[in-house]
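> Please find one structure pasted underneath; my questions will follow.
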Amino acid sequence: MPHKENKEITLKGIGGSPGICIGKAYLVDKQGVDVVPKYTIFNGDLETEKKRFKVAVKKALDELHKIIIDTPEELRENAQILETHAVLLKDKMLYGRTIETIDRERINAEWALRKVVLAIKPLFESMGDSYLRDRAEDVVNVSDRIMKHLTGAQVININNIDKRVILIAKELSPAETSQINLDRVMGFVTDRGGRSSHTSIIARTLEIPAVLGLEKITSIIHNDDIIIVDGTAGVVVINPSDETLAETESRKNAYEARRALYARSGHLPATTKDGLIMAVMGNIELPEEVVAVRDRGGDGIGLYRTEFQYMARKSFPGEEELFEHYREVVELMPDKPVTIRTLDINGDKAVAYASEPEENPVLGLRAIRYCLQKPKVFMTQLRAILRAAHFGQVRLLLPMISRIEEIIEAKRLLAEATDSLKKDGIAHQKKIPVGVMIEVPSAAIMADTLAKEIDFFSIGTNDLIQYTMAIDRNNRHVAYLYSPINPAVLRLLKHITDSAARYDIPVFMCGEMAGEVIYVPILLGMGLKELSVNPQSIPIIKDAIRLLNLDQAKKFVEKLLKQNTAEKIEHLVQSTYGELLNNGNFKTWER
Ligand code: PEP
Ligand code: MG
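-10 is the number of the first residue of the sequence shown in our numbering; add one for each residue after it.
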């Protein structure tokens, strides 16, 4: 039901993806699991109520068994947690006590289950053994699964939405976001998430406005409320007045007209006033996005995040399937580089069939660490990349490198993949440039040593800032610390670019910092040769480069490096370049 009072409410969150949309709200959370009804059961109906509970448990059990059976043999060990859940479903503590509670207190099954969970969860939580403490989570998980069958609540599949709406969710995972149907979903708003979360990044690539980190929006907005999502300003307006609607419409039209204007200049080279040509490339998650990069004048693909082909499915893709995807991308970018990054799963991009629960996933078995422990999975991907490289200009990029040994081992496996393709008589490219993401502080510090081992660096500021500042990039409470111009981050960037220059290897940037107009002078002054940004920012970044002068930018960086706070740096950046780059047109979006 829409809001009755129809009062205009404005909420400020984090702008996840720029642009404005106006439409009806559509809540996608598991309604019913959080809101539990309570009612009395009369004596004559107690048996039926207990039976209703048993049926829900049976359905939950069948559901779990189906997931376990669908898990491929080689990944069975990952399904262990689900086996634990299956056992818990029938556990005396949960199952037996819920039935007893229905009987004794003559209350409905949902309420009884909730009561039992609330009683046993603290028992687990207070246990000394961390393994047993973790079982508290499992109890909640299992009870949610039963509750879903009791209340008939369903997790709405966002693919099945049949009207044009704005999604409202507690959280959307990167995999869910990549499934969004653009004909139906105009934008989205979530309780959780931050600006450099993968969910934001995908929203920017899909070019749909998004506001994240609103904390309680799912309990404020009702289905069918009219809302405005202003991803540029990070604002959501519920039940806007006629004046607000008219004012928003005109801002929306101006924004779209400006974008159309930029698109025309995108295909020209980005040459600084003193003649340096900088390449501006696009970041993509799926092969379908290559066209967006091409249409906006991208000079190639600077980052192809391949992990999305591993999500929203039940098992690993095979070599043939991967090869077809990669070849499609390469062929859509003739004569231009395509940088294929090897699998960066886990962290906030967990894949159900490949991931085990981790206490600190962002510090866990992510990306290259995972691939080196699962050489078969890695090998399949490497072979597919080498085969696709036969059709164009492919560069290989290794994510999350934190020490030199990982590069050596990855290169050894790459040589093995080449040999095996040769033996199998399959067409492939024998030698391709191999680069590493510099996104972990240890790699940044060791950049001068790593530079001797590889062909290029690509700086991933999203993670580099996260790990340098020790802040979760998805957590809005520490978002104030997430600054690309923190002096510590700038010093690391300088060390990376100096190391690359010393060993004469190119250094690129594919983190979100590269897509912020106001930081372009810093990146130019540090010696970056190539920036890779979300497709819609390509023309804007190119325009900004055309206004700059390399020599001035270098001197400016020297000045910045003498500052000791982000605030002073921000002030210097704004007072030197603010007017030139921001003056209305160039401001990509507000922070
Ligand atoms: C980065 O960390 O800056 C990066 C580009 O990689 P991702 O956002 O996929 O972690
Ligand atoms: Mg990263």
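Cβ coordinates follow ideal geometry from the N, Cα and C atoms, glycine included.
(1) Using C-beta distances below 6 Å, list every residue in its chain close to A281, excluding the 5 sequence neighbours before and after it, in chain order.
(2) What did DSSP end up calling N538 once you bin it into helix, strand or coil?
(3) Using C-beta distances below 8 Å, list every residue in its chain close to L481, excluding the 5 sequence neighbours before and after it, in chain order.
(4) Using 8 Å as the cut-off, can you tell me whether the region 226 to 245 makes contact with the region 516 to 523, which would need three or more C-beta pairs spanning the two stretches below that distance?
(5) Return the residue from the list I(-2), G2, A343 that minimises the CA-CA distance to R465.
(6) Considering only heavy atoms of ligand 2, does any lie closer than 6 Å to the CB of G183?
(7) Please return the same chain residues whose Cβ sits closer than 7 Å to the Cβ of K325, not counting the five positions on each side in sequence.
(8) Assuming contact is defined by CB atoms lying nearer than 7 Å, are L539 and T261 in contact in what I supplied?
(9) Rounding to the nearest angstrom, what Cα-Cα distance links T(-1) and V225 in this structure?
(10) Would you say I155 and G353 are within 7 Å of each other, going by their C-beta atoms?
(11) Return yes when at least one heavy atom of ligand 1 lies under 6 Å from the C-beta of R358, else no.
(12) Please work out which residues of its chain come closer than 6 Å, Cβ to Cβ, to F297, disregarding the five sequence neighbours upstream and downstream, and give them in chain order.
(13) According to the Cβ coordinates, are A246 and L311 closer than 7 Å?
(14) Among all the DSSP beta bridges, which residues are the ones paired with D219?
(15) Quick one: does the C-beta of T261 sit closer than 6 Å to a heavy atom of ligand 3?
(16) Any heavy atom of ligand 1 within a distance shorter than 6 Å of the CB on G500?
(17) So, using beta-carbon positions, are G220 and V200 closer together than 7 Å?
(18) Which of helix, strand or coil does DSSP assign to Y293?
(19) I'd like to know whether the C-beta of F445 is nearer than 7 Å to at least one C-beta of chain B.
(20) Taking L410 and R462 to be in contact with their CB atoms under 8 Å, please state how far apart those CB atoms are, rounded to whole angstroms.
(21) What residue range is occupied by the uninterrupted beta strand (DSSP E) comprising L0?
(22) For N170, count neighbouring Cβ atoms within 10 angstroms of its own Cβ and tell me buried if that reaches 16, exposed if not.
(23) Distance check for L536 and L569, CA to CA, integer angstroms please.
(24) Under 6 Å: does the beta carbon of G449 sit that close to some heavy atom of ligand 1?
(25) Going by CA-CA distance only, name the one from C499, E278, K441, L550 that's closest to V269.
(26) What does a CB cutoff of less than 8 Å around L53 pick up in its chain, not counting 5 residues either side in sequence?
(27) Can you confirm whether the region 435 to 443 touches the region 491 to 506 when touching is taken to mean that 3 or more C-beta pairs between the two stretches lie within less than 8 Å?
(28) Below 7 Å CB to CB, which residues in the same chain sit around K543 once its five sequence neighbours on both sides are set aside?
(29) In terms of DSSP beta bridges, what is T486 paired with?
(30) Hey, would you say L292 sits closer than 7 Å to S521, going by beta carbons?
(31) If you draw a straight line from the alpha carbon of Y566 to that of D532, how long is it in whole angstroms?
(32) In the DSSP assignment, find the unbroken beta strand (DSSP E) run with S521 in it and report its ends.
(33) Return the CA-CA distance between S562 and Q541, expressed in angstroms with no decimal places.
(34) Any contact between the region 78 to 91 and the region 102 to 118? By contact I mean 3 or more CB pairs, one from each, below 8 Å.
(35) Taking the alpha carbon of G271 as the reference point, which residue from R248, I329, G307 has its own alpha carbon closest?
(36) If you run the structure through DSSP and keep just helix, strand and coil, what is L569?
The short version:
(1) For the purposes of this step, residue 281 is taken as residue 292 along the sequence shown, with counting starting at 1. Excluding residues within five positions, the ones whose Cβ falls inside 6 Å are P524.
(2) For this step, residue 538 is matched to residue 549 along the sequence shown. In this structure, N538 counts as coil in the three-state DSSP scheme.
(3) Along the sequence shown, read from residue 1 onward, the residue named residue 481 stands at position 492. If we look at L481 and ignore the five residues flanking it on each side, its Cβ neighbours are P430, A433, I434, L453, T457.
(4) no
(5) As a working mapping, residue 465 is identified with position 476 in the sequence shown. Checking every option, the nearest Cα to that of R465 belongs to G2.
(6) Here residue 183 refers to the residue found at position 194 of the sequence shown. No, the beta carbon of G183 sits no closer than 6 Å to any heavy atom of ligand 2.
(7) To locate residue 325, count along the sequence shown from 1; it is residue 336. Closer than 7 Å at Cβ, skipping near neighbours: D288, G289, Q382.
(8) To locate residue 539, count along the sequence shown from 1; it is residue 550. To locate residue 261, count along the sequence shown from 1; it is residue 272. Against a cut-off of 7 Å, the Cβ pair of T261 and L539 comes out as a contact.
(9) Against the sequence shown, residue -1 aligns to sequence position 10. Against the sequence shown, residue 225 aligns to sequence position 236. Using only the alpha carbons, I get a separation of about 6 Å.
(10) Along the sequence shown, one-based indexing puts residue 155 at 166. Along the sequence shown, one-based indexing puts residue 353 at 364. Cβ distance not < 7 Å, so I155 and G353 don't count as in contact.
(11) Along the sequence shown, one-based indexing puts residue 358 at 369. R358 Cβ: outside cutoff for every heavy atom of ligand 1.
(12) For the purposes of this step, residue 297 is taken as the residue at position 308 of the sequence shown. Contacts found: S167, E274, L275.
(13) Residue mapping note: residue 246 aligns to position 257 of the sequence shown, counting from 1. Residue mapping note: residue 311 aligns to position 322 of the sequence shown, counting from 1. No, the pair does not count as a contact, with Cβ atoms beyond the cut-off.
(14) In the sequence shown, counting from the first residue as 1, residue 219 sits at position 230. Its beta-bridge partners are I9, V224.
(15) The model on display carries ligand 1 and ligand 2 but not ligand 3.
(16) Reading the sequence shown from its first residue, position 511 is the one you call residue 500. Correct: G500 has its Cβ closer than 6 Å to ligand 1.
(17) What you label residue 220 is simply residue 231 of the sequence shown in a count that begins at 1. What you label residue 200 is simply residue 211 of the sequence shown in a count that begins at 1. A contact, by the Cβ cut-off of 7 Å.
(18) Taking the first residue of the sequence shown as position 1, residue 293 is located at position 304. Y293 falls in the strand class under three-state DSSP.
(19) Here chain B cannot be found, since the structure has a single protein chain.
(20) Looking up residue 410 in the sequence shown gives position 421. Looking up residue 462 in the sequence shown gives position 473. Rounded, the Cβ-Cβ distance is 37 Å, inconsistent with contact.
(21) As a first step, residue 0 must be located in the sequence shown, where it is residue number 11. From DSSP, the beta strand (DSSP E) with L0 extends over -2 to 1.
(22) Here residue 170 corresponds to residue number 181 of the sequence shown, with the count starting at 1. Classification for N170: exposed.
(23) Along the sequence shown, read from residue 1 onward, the residue named residue 569 stands at position 580. Along the sequence shown, read from residue 1 onward, the residue named residue 536 stands at position 547. One C-alpha to the other measures close to 8 Å.
(24) Here residue 449 is taken as the residue at index 460 of the sequence shown, counted from 1. Yes, ligand 1 has a heavy atom inside 6 Å of this Cβ.
(25) Within the sequence shown, residue 269 is the residue found at index 280, counting from 1. Answer by Cα proximity: C499.
(26) Your numbering for residue 53 matches position 64 in the sequence shown. The answer, listed in chain order, is L71, H74, A75, L78, R134.
(27) yes
(28) Position 554 of the sequence shown, counted from the first residue, corresponds to residue 543. Same-chain partners within the cutoff: G514.
(29) Locating residue 486 in the sequence shown gives position 497, where the first residue counts as 1. According to DSSP, T486 bridges with nothing at all.
(30) Counting from 1 along the sequence shown, the entry for residue 292 is found at position 303. Counting from 1 along the sequence shown, the entry for residue 521 is found at position 532. For L292 and S521, yes; Cβs fall inside 7 Å.
(31) One-based indexing of the sequence shown puts residue 566 at position 577. One-based indexing of the sequence shown puts residue 532 at position 543. Answer to the nearest angstrom: the Cα atoms are 14 Å apart.
(32) Here the question's residue 521 lines up with position 532 in the sequence shown. Per DSSP, S521 belongs to the beta strand (DSSP E) from 519 to 522.
(33) Looking up residue 562 in the sequence shown gives position 573. Looking up residue 541 in the sequence shown gives position 552. For the record, residue 562 in the displayed sequence is Val; it is not Ser. Roughly 13 Å between the two C-alpha positions.
(34) yes
(35) The sequence position of residue 271 within the sequence shown is 282, counting from 1. Comparing Cα positions, the closest option is I329.
(36) Counted from its first residue, the sequence shown places residue 569 at position 580. Three-state DSSP puts L569 in a helix.
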